[in-house]
Structure formats: C-alpha cells, structure tokens
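S.K.: Sequence lines, in order, name chains U and S. Going by numbering that gives the first Met the number 0, the residue at position 204 of the first sequence is 203; the numbering climbs one at a time, nothing skipped. Going by numbering that gives the first Met the number 0, the residue at position 356 of the second sequence is 355; the numbering climbs one at a time, nothing skipped. Below you will find the structure I want to go over with you.
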Amino acid sequence: MHPSAPIFDSAFLSKLEQLSLLSRKLFRGEHHAERKSRQTGSSLEFADFRNYTSGDDLRAVDWNIYGRLDRLVVKLFEQEQDLQIDFLIDASPSMRWQPPKARGGTLPPSKLDAACRIAASLSYIGLANLDRVNLHWFGDALRADLGLSRGKSQFHKVLDFLRTPPPPEGETRLTASVRTFTQRLKRRGLVFILSDLLDPAGYQEALDLLRHSQFEVQVIHVLDPGELRPDLSGDLRLIEVETQAALEVTAHDTLLRRYEQEVDRFLEEAAQFCLKRGIGYVRALNSVPFEDLVLRVLRDGRMLQ
Amino acid sequence: MTFLAPWAAWFLAGIPLIVLLYLLKLKREPVQVSTLIFWQRILQENRRRALFQRLRNLLSLLLQLLIFLLILGALAKPTLGHWISSGASTVIILDTRARMQALESGNETRFEKARRWVRSTARQATAKTPIALITAGASDAVAVPFSSDEKSMNEALDRLEPGDAEGELKRAVELAHTLLAARRGQHRIVLVTDAPQPALSRAYPDLKVLSVGTPQDNVAITRLATRPLLNSVQTSEVLVEIRNFGRVPVRGTLELSLDGRLLDAKPFELAAGESKLDLFPAVPGNALRNSRGWLKAQLDVTDALALDNAAYALLPQPHPHRVLLVSKGNWFLEKLLAADPRVAFDLLTPEAFELSMASKFDAVILDQTLPETFRLGATGGNFFFLKNTPFNQDQPALDRPLITETQAEHPALRLVNLQNITIVRATPLKLPEATPDGWTFEMPIRALDHPLLVTGARKTPTGDQRLAALAFDPAESDLPLHIAFPLLMANTVHWLAGEQPVIPLAIRAGQTLALGPEQRLWPEALTPPEKPLPPPEGPWVTAFFQPQKQGYYLIAQPGQKSAWLAVNTFSEAESDLRGAAPAEPAAALLPTGFSIKSVTERPLWQALALAALLLSTLEWWLFHRRRTE
Numbered sequence: 000m001h002p003s004a005p006i007f008d009s010a011f012l013s014k015l016e017q018l019s020l021l022s023r024k025l026f027r028g029e030h031h032a033e034r035k036s037r038q039t040g041s042s043l044e045f046a047d048f049r050n051y052t053s054g055d056d057l058r059a060v061d062w063n064i065y066g067r068l069d070r071l072v073v074k075l076f077e078q079e080q081d082l083q084i085d086f087l088i089d090a091s092p093s094m095r096w097q098p099p100k101a102r103g104g105t106l107p108p109s110k111l112d113a114a115c116r117i118a119a120s121l122s123y124i125g126l127a128n129l130d131r132v133n134l135h136w137f138g139d140a141l142r143a144d145l146g147l148s149r150g151k152s153q154f155h156k157v158l159d160f161l162r163t164p165p166p167p168e169g170e171t172r173l174t175a176s177v178r179t180f181t182q183r184l185k186r187r188g189l190v191f192i193l194s195d196l197l198d199p200a201g202y203q204e205a206l207d208l209l210r211h212s213q214f215e216v217q218v219i220h221v222l223d224p225g226e227l228r229p230d231l232s233g234d235l236r237l238i239e240v241e242t243q244a245a246l247e248v249t250a251h252d253t254l255l256r257r258y259e260q261e262v263d264r265f266l267e268e269a270a271q272f273c274l275k276r277g278i279g280y281v282r283a284l285n286s287v288p289f290e291d292l293v294l295r296v297l298r299d300g301r302m303l304q
Numbered sequence: 000m001t002f003l004a005p006w007a008a009w010f011l012a013g014i015p016l017i018v019l020l021y022l023l024k025l026k027r028e029p030v031q032v033s034t035l036i037f038w039q040r041i042l043q044e045n046r047r048r049a050l051f052q053r054l055r056n057l058l059s060l061l062l063q064l065l066i067f068l069l070i071l072g073a074l075a076k077p078t079l080g081h082w083i084s085s086g087a088s089t090v091i092i093l094d095t096r097a098r099m100q101a102l103e104s105g106n107e108t109r110f111e112k113a114r115r116w117v118r119s120t121a122r123q124a125t126a127k128t129p130i131a132l133i134t135a136g137a138s139d140a141v142a143v144p145f146s147s148d149e150k151s152m153n154e155a156l157d158r159l160e161p162g163d164a165e166g167e168l169k170r171a172v173e174l175a176h177t178l179l180a181a182r183r184g185q186h187r188i189v190l191v192t193d194a195p196q197p198a199l200s201r202a203y204p205d206l207k208v209l210s211v212g213t214p215q216d217n218v219a220i221t222r223l224a225t226r227p228l229l230n231s232v233q234t235s236e237v238l239v240e241i242r243n244f245g246r247v248p249v250r251g252t253l254e255l256s257l258d259g260r261l262l263d264a265k266p267f268e269l270a271a272g273e274s275k276l277d278l279f280p281a282v283p284g285n286a287l288r289n290s291r292g293w294l295k296a297q298l299d300v301t302d303a304l305a306l307d308n309a310a311y312a313l314l315p316q317p318h319p320h321r322v323l324l325v326s327k328g329n330w331f332l333e334k335l336l337a338a339d340p341r342v343a344f345d346l347l348t349p350e351a352f353e354l355s356m357a358s359k360f361d362a363v364i365l366d367q368t369l370p371e372t373f374r375l376g377a378t379g380g381n382f383f384f385l386k387n388t389p390f391n392q393d394q395p396a397l398d399r400p401l402i403t404e405t406q407a408e409h410p411a412l413r414l415v416n417l418q419n420i421t422i423v424r425a426t427p428l429k430l431p432e433a434t435p436d437g438w439t440f441e442m443p444i445r446a447l448d449h450p451l452l453v454t455g456a457r458k459t460p461t462g463d464q465r466l467a468a469l470a471f472d473p474a475e476s477d478l479p480l481h482i483a484f485p486l487l488m489a490n491t492v493h494w495l496a497g498e499q500p501v502i503p504l505a506i507r508a509g510q511t512l513a514l515g516p517e518q519r520l521w522p523e524a525l526t527p528p529e530k531p532l533p534p535p536e537g538p539w540v541t542a543f544f545q546p547q548k549q550g551y552y553l554i555a556q557p558g559q560k561s562a563w564l565a566v567n568t569f570s571e572a573e574s575d576l577r578g579a580a581p582a583e584p585a586a587a588l589l590p591t592g593f594s595i596k597s598v599t600e601r602p603l604w605q606a607l608a609l610a611a612l613l614l615s616t617l618e619w620w621l622f623h624r625r626r627t628e
C-alpha cells in the first residue's frame, strides 16, 4: 500500500459504520461494548430471571412478580462487552508478487495491497464497534504488531501500521507464525488471516492450531488472477519470488490447463478444509473492485453483517 | 534407381549442421512467479514420463532429418528405373544429322518439327511409362536417361541442335536396344527422322519411324580440294564438284573467295541429278602476305538445305626446311636439295662457314669438312657430316666395306634399299667411350663392326638437337646412282630438321582427328566473314577432336605458326533430300497407356516433395502441440 495513497473516502467509511464483524462464538470481554457476551450485566437487553439472594441489588428485583407470586425474583440483563479481533496479514514476497505486465494492460494492486485494504476496512468496523483490534505482520515468522486499539480514534494508527510492512524476507511459514501468535495471546477472540496460503509446508496445521486454541478463525484467501490463469507461453525459466528457485518449463495449452486444474484443486481443498472445520473462508481476488469485495464478498462469506 | 541431378548429394553435408543446431541449448526466458508449488506437482508427473520425453526429443530430430532427406531426394530427381516391373519404356531417337537442317514448309526446319513432336510426347511420360532420348548424328549419345521428368527433357531439347555431319541411324537403334535390355515391361523405340527407313524397319520390327520431312530439291557442293602446282608450290589449283539433287534443272553461280575476297565466279547449269566438276587452275596462295588461306566455295542458289551450298578449304602453305650446305662443290647434293620442294637450301664454302650460323638453319650439311672448334655438346644446331665427322679414327680407311646391317625402322632409312651398293673406301668411325651430355647414338648402317652411318640425338632446353655422320663420300661410291641416295639424304635431312606431325588441311564433319601430343584445337568453327579470333586461354581440345560444324578450326602448336583445319559435310546422303515422305500421324506412334496421366504416376520427386511438405506440417503441428521440441 502506497504511503500516501488514500484508502477510503468518507462515503465508504459511513457504509462501513453500518456493518459489524460477525463472530459465531461469544467471548469474554474486558470492557463494556456493543457486543453480546456470556455474562449478564447492565445493558437494556433482558436476559433471564433468578431467585433473589441476599446482597442482590434491590433495584433489580421484579416487583410485579413478587406481587403476583410472592417470591423475590431478580431480573437479569445481558452484559455487552467488547471483542478482541486480530488480523494476521501475510507480508511474504509472494504477497508482493505481480504478474508480468500485459501489453497495453494495467495491473491490479498486489495481493499485499489488497490484503492491507481489507484489513483496514475490517479494522475500522471493529474499532467503530468498540472492539479491541490488533494487527500482525507475518512471513517467515510472526513480525511486529500494532498493539491493541479501541475506538475509531485509533484508526489512523491502523493506517500507519499498514503503510509500513516489514521487508520481504524468506518463504512463508504460516504454522510457525501462528504458533508464536497463540503463545503470545492469552485472550481468545476473532482472528482474520489474510494470506495467499502459499506455504510449502501447508496451511492446514496453522488453521487447526488456531482452532484448537479456541480462536474463531476467518480466512481471507487473497489471490491474483495472474497466478490462477497465468498468461505464459514458450520456453521459460520460472523463478520463485520467495526462494529464487528455478524451474524450466515449456508453456503450452496442455500444460497450462493442467496448471489451472492444479490451482483449482488447491482452492477447492482450502475451501473444503475450512468448511469442515467451521472456519470462515472467502476468496478475495485483487482484481475485484475493493468496495465490492468488502461490501458484497465478505458479507456473502458471512464475515460481516 | 537413377538420379537425374546427383549434385544434390552435396547437400548431405548439411546433416551435421542440423544435428548441431538440435544439440544447441535452448535459451529460456526468465519469468518470476509467486510459487513453484503447482508447477512442481505437474512436472513430478511429467518426470514419470522421462522416457517418453527422450523419445519425443529423438522424434523431433528424426522428423527434421527425414524432412531434410526427402527434400534432398526431391532435388536429386530420382527415377525408379528398372524397379518398375510394369508399364512401358520408350526410347525416342532424335535425328540430328545434317539433313535435318533442311527447311520445310512454314520456314521450319525438319529438326525443329521433330523436336516439337518429342516435346509434346515427353509431356505424357509417367513413372510407369518413362522416356529416354537418344540423339543420332555423327556419334550417338543418350541426351536424357529414362525419366518422366518433363523439365529435364525440355532442357535437353533446348540444348540440342542438328550437326553438320552425316550419321548412321542403325547405331542409334542398337544403342536404344541396349538401353532397353535392362528394363522390364514393354519396350518401344521411336525414331524421329525426316524420311522413312525401310531397311531399318525391316531389320528392327519393333522400331517405329516418325517422318517429319517432305521431298525437297537441293543443290550441293560435294567436293572442294586444293593442291599445289608441281612447278610452283606457291600456286594451287582448286577442284570443285557440285551436284543437283533436285527433280528440275538448276542454274546458278559458283563463287570462289580467298580470305573473304572474291577470286572468281562461274555460272553453272545442272540438269536433274547431274553433277559437274569445275577447276580453278591458278590460285595464288602464299603470294598474299598474312594470308590464312581460307578458300570458300559458295553456290548462289536458294534451296532447302543451305548448309551444303558452301564449302571450305585451305590453300596448302608449305613451310620448307632451311638447310645450309657447306661444301667446296657437290653436284649430286646440290641437285638433290634443289629438287626437294620441302627444302630451301643455301650454299656456303667451308671458309665462309662459322658454327654460330647453324642456329639459323634447320640442318647444316658439312661436306667433307669439320670446323676445328666443333665440340659435341658445346655446339648448337643439327649437323650432317659427310666423311669428315667428329667420330673419325686415326686408322687406315676401310677398303671396299660391305653394308652388312641396316636398321630399316630408323627414320633416315625409310624406304631406303641399300642392297648392291658399292663403296670404294670409308673412314673408320668410333663412338665416344662415354656418352657426353645426354647424347644417344645409333648406328643405322654398319659394315660388320664399323658404323657407316651414325645418328645421335639429345634433348636440350631449346628443343631436340640431332646429328648424323656418314663414313664415306657419296662420290666414292655408286650410291648417287641408286634411288636410295635421294631417299637417304632427304630422310636424313628432314630427320635432322625435325619432322612435324602431319595435319590434314581438311576433314569431313563427324570425322575424328587425332592431334599431336602438343597440339591444341579451338573447338569453335569460324567461317568467313571473319569472326574474332579465339582468346589465348580457353577450353582447347587436345588428343582427339570430332567436329560437328562446318568451317575453320584453329590448331595451335607450341613454337610454330598456328595452323587451320577446314571441315565440310560433303555427304551425298545428307544433301539428297528427295527420299523424305509425308509425315505419318504422330498419335499412331504413341504407345498405349501414354494418354492418361494419373496423379500416382507423377515424377517421384513430386511425391518426395509432397511428403516433405506433409512431414513439415506434421512436425509444425506436433511442435505447437508440444509433442516435439
């Protein structure tokens, strides 16, 4: 993301304020907020009744029931608390890769740019809902994080953080990064992983680790059309952007079709893996207009409401 | 299988180049990708097919080599030859004799009509019905071997033209049979000439004769000869024979010109079939300085064959040997040398003679005198010593020696009969013990152990040097009274002077001329008016030459003046055009199966070229389908 590039306009921000991040689980919060919690508290939302015990606040006694049943019953109200939302943003070299520029055509933003914009949007929604938001870079390891932020006033910090990704180093190691993340965080919450999942060791172990650590995981699979349907032909020396490993191929229709089949199988496996484990999964193509991506794709993916 | 263009085999040298290009490493374009995970999964599967990959590479190379070989095969224009087990092989004999130059109606020569027919027939040749072309003239040749290739046939026909020589068609028919003997299937021989050949048709029943001529009237010069007058070798008499081969009387003028200048013109009138001899008694040849001696007889008539209206001859131009006689007076020798037209001699006394003069003469006769400064090997020139010789011994003279041995094969003794020769006395001669400076000596005449005639020769940088030594004075014998004397002396003098190979003044077209070992002939006929002289360097002919055209040919001889050779047709068989017959329908001579040419019977090179094209397309398709690399 370019340091001076404007991410959102005010109209888009106002649209974002109407949204909130969906969490299937209820997590214990630290502060009053606008999100339901398992605790009862002082909100206006009625939750339940229970028998009066000594020490209860007499203001909570339901006098109407006492008049009819001659029993002291206390009204319980839901406790609305905040939610901790963490964004794990893949900053590996593969996220910065862009396909060779087509003749006369324009390139979409890199996958990292797209991931940053999505993270910014979702962070804004979280901040607007008084959730605690934190962002983390990862690549070959878990890198710097933003630190917990709450409230819309902290949004500029989010933007500053996203404008300074760490330098690209090494190949993607998702599992190691997630392991560090789970060890570092004591409070569970909602975790968004924004990555292309191109980890040679696989993404499955990392997602299982998060799930077993009681996090609610949402995967935003950031993809570039250039790697889904590469525009290659002829005798080529393919060089991987992360490891600089090379492979000689002669690109032709048959080989490209087999490549596309392989990529489709990878995407399908990722979707099925997440579905089976109750992990939210959305494919975010960087060629899709950003507003459409946030307002439609993520909503359709049941990540926003 | 026969290849019409075997030079294409040189392109086989290009095969290593193809293999080399194939072995060159492909330069691949580097492209960055986000991950190799998917490519590696695909290629892992491909590696299982490594054997197929190698085969694929090999297939690519083999395909390219096969395409290359097919193109080479097409370029070499192969013909299946005797592999064809069915079909018909046809030999066309095209008459190229002089008579084929006769004009027919439409101002077209008989040869052009014949060639037109052959060209149209060659178009119908197929792989199963190939045609070969033989030319029949002074010598017979296979112009095109069995082939169905129309192009090569047309190219050969374009090059052909009738000669000026007579020829024998029977030899060509026999050559055609020889060609056909090795081939299977039906055999056909078509002779395209100007007249029916009943004798040939009887001898060879399978021969078809196509006559393209019609009877024509013609007048011809059938002989032109020159000879020097006995009383004046500088003047020649010229004999011309003309004959009317027509059916009506002819009138005209016979013109004789020398080196393009008109000498004489005589009117003539000949009845049908009549011939006439004309003599031009005194033609001054060598009187004209720088004369080539080109003598041309020309008939001022218009008839069917212009070729025999002109004849060419050369005036004899004798080149006498220069001989010096050093003598105090020898009546016999002086009279003998004066009588020999091939000798121009000078007389000198021994006192006036110097050895340095010898180089200016072809031979020097020293009559009973020997200069004191004469040394074998040191003195140049050809010498004939009489009595006083370098081989004399200080011994008493031989009294009445008898000639006991002669070498009849020696040039000095050619036609010489020395029987019954009486010699009063002779000087004893002895050859030197050690042969000096490359001399080789012989003793053609001996009296027991004593040589009576010694001859010697040696090679020098300037040519041959020769000498002869006679041991007796002819006046002291009865030799001058015998016929052997002029022969012996003339033979010896001419042998000393060096006999040159005799070049005939004129031969007939088609006749083979054997050239001398150092003679060269310029093979282009020159006719008056003068053409430019041939360049000094060019395709000269050596050894043997068979002229096909009338005219004059230049013969170069090292160290001597160039000579000319006149060539004429002089053939009554070629000039008599009355025997031709109206043309038969050409189509009747076409063998069966000639008329329809199916696609499969096209020339083999076309099939090879098509196969190369198809394979090339297949290779291109496989390459783009990535089946080959």
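Glycine included, each C-beta is placed from N, C-alpha and C at the ideal position. Model, not experiment: these values are computed from the prediction.
(1) To which residues of the same chain is R114/S closer than 6 Å at the C-beta, ignoring the five residues directly before and after it?
(2) Could you check which residue in L607/S, A608/S, S574/S, I422/S has the C-alpha nearest to that of Q215/S?
(3) If you follow the alpha helix (DSSP H) that M488/S is in, where does it begin and where does it stop?
(4) Can you pull out the residues from the region 17-38 of chain S whose beta carbon lies closer than 9 Å to at least one beta carbon of chain U?
(5) What whole-angstrom Cβ distance do V239/S and L257/S have, given they're in contact under 8 Å?
(6) What residues of chain S sit near S93/U, judged by a beta carbon separation below 8 Å?
(7) Please say whether G233/U and A250/U have beta carbons closer to each other than 8 Å?
(8) On the DSSP letters alone, give me the boundaries of the alpha helix (DSSP H) that P227/S sits inside.
(9) Does the Cβ-Cβ distance between V72/U and I84/U come in under 8 Å?
(10) Tell me the residue span of the alpha helix (DSSP H) that contains Q271/U.
(11) Would you report the Cα separation of A470/S and V322/S, rounded to the nearest angstrom?
(12) Pairs of beta-carbons, one from the region 424-444 of chain S and one from the region 372-384 of chain S, closer than 8 Å: are there three or more?
(13) Applying the criterion that 16 or more other CB atoms from any shown protein chain within 10 Å of the CB defines a buried residue, is R183/U buried or exposed?
(14) Classify P660/S: buried if its beta carbon has 16 or more other beta carbons within 10 angstroms, exposed otherwise.
(15) Return yes when the Cβ of L196/U is within less than 8 Å of the Cβ of A269/U, no when it is not.
(16) F11/U lies in the alpha helix (DSSP H); which residues open and close that run?
(17) Using alpha carbons as the reference points, say which of Q123/S, G497/S, L495/S, A542/S lies closest to Q518/S.
(18) Run down chain U in chain order and give the residues with a C-beta less than 8 Å from the C-beta of I14/S.
(19) From this set, D448/S, R465/S, I422/S, which residue's C-alpha is nearest F440/S's C-alpha?
(20) Entirely within the region 116-148 of chain S and at least 3 residues each: give me those beta strand (DSSP E) ranges in chain order.
(21) My understanding is that I219/U touches I124/U, with C-beta atoms under 8 Å, so please give their C-beta distance in whole angstroms.
(22) Grab me the residues of V598/S's own chain with a C-beta within less than 8 Å of its C-beta, minus the 5 sequence neighbours each way, in chain order.
(23) DSSP beta-bridge partners for T405/S?
(24) Would you report the Cα separation of V492/S and T568/S, rounded to the nearest angstrom?
(25) Using a 10 Å radius around the Cβ and a threshold of 16 neighbouring Cβ atoms, would you call S570/S buried or exposed?
(26) Where does Y551/S fall in DSSP's three states?
(27) Using Cβ-Cβ distances below 7 Å, what residues of the region 226-245 of chain U are close to chain S?
(28) Can you grab the Cα-Cα spacing for the pair V281/U / L246/U, in whole Å?
(29) To the nearest angstrom, how far is the alpha carbon of A10/U from that of R301/U?
(30) Could you pull the DSSP bridge partners for H135/U from this structure?
(31) How would you write the range of the alpha helix (DSSP H) that Q203/U sits in, first residue to last?
(32) Measuring only the C-alpha atoms, how far is D105/U from L209/U?
(33) Tell me whether D398/S is buried or exposed, calling it buried when 16 or more other Cβ atoms sit within 10 Å of its Cβ.
(34) Are any of the Cβ atoms in chain U nearer than 8 Å to that of L621/S?
(35) Taking P460/S as the reference, which of D477/S, R122/S, A202/S, G380/S has the closest Cα?
(36) In whole angstroms, what separates the C-alpha of I66/S from that of H623/S?
M.R.: Reading off the structure:
(1) L156
(2) S574/S
(3) 483-496 is the span of the alpha helix (DSSP H), which, as asked, contains M488/S.
(4) L25, K26, R27, E28, P29, V30, Q31, V32, S33, T34, L35, I36, F37, W38
(5) 13 Å between Cβ atoms; not a contact.
(6) S33, T34
(7) yes
(8) Premise fails: P227/S lies in the beta strand (DSSP E), 218-228, not in any alpha helix (DSSP H).
(9) No, the Cβ-Cβ distance between V72/U and I84/U is not below 8 Å.
(10) 252-275
(11) 20 Å
(12) yes
(13) exposed
(14) Since the first and last residues shown for chain S are 0 and 628, residue 660/S lies out of range.
(15) yes
(16) 9-16
(17) A542/S
(18) Per Cβ cutoff of 8 Å: no residues; I14/S is ~25 Å from chain U at best.
(19) R465/S
(20) 130-135, 139-146
(21) 14 Å between Cβ atoms; not a contact.
(22) At V598/S, the pLDDT of 39 sits below 50, so the modelled position is not reliable; the number obtained from the coordinates is stated separately. Once the five neighbours on either side are set aside, V598/S has no close Cβ partner at all.
(23) Residue pairing for T405/S: DSSP places it in a beta bridge opposite I444/S.
(24) 38 Å
(25) buried
(26) Y551/S carries a strand assignment under DSSP once its states are collapsed to helix, strand and coil.
(27) E226, L231, G233, D234, L235, R236, L237, I238, E239, V240, A244
(28) 31 Å
(29) Rounded to the nearest whole angstrom, the C-alpha separation of A10/U and R301/U is 23 Å.
(30) The beta-bridge partner set that DSSP reports for H135/U consists of L87/U, D144/U.
(31) 203-211
(32) Reading off the sequence, residue 105/U comes out as Thr, not Asp. Taking the straight line joining both Cα atoms gives about 38 Å.
(33) exposed
(34) Answer no: the Cβ-Cβ gap between L621/S and chain U never drops below 8 Å.
(35) G380/S
(36) 17 Å
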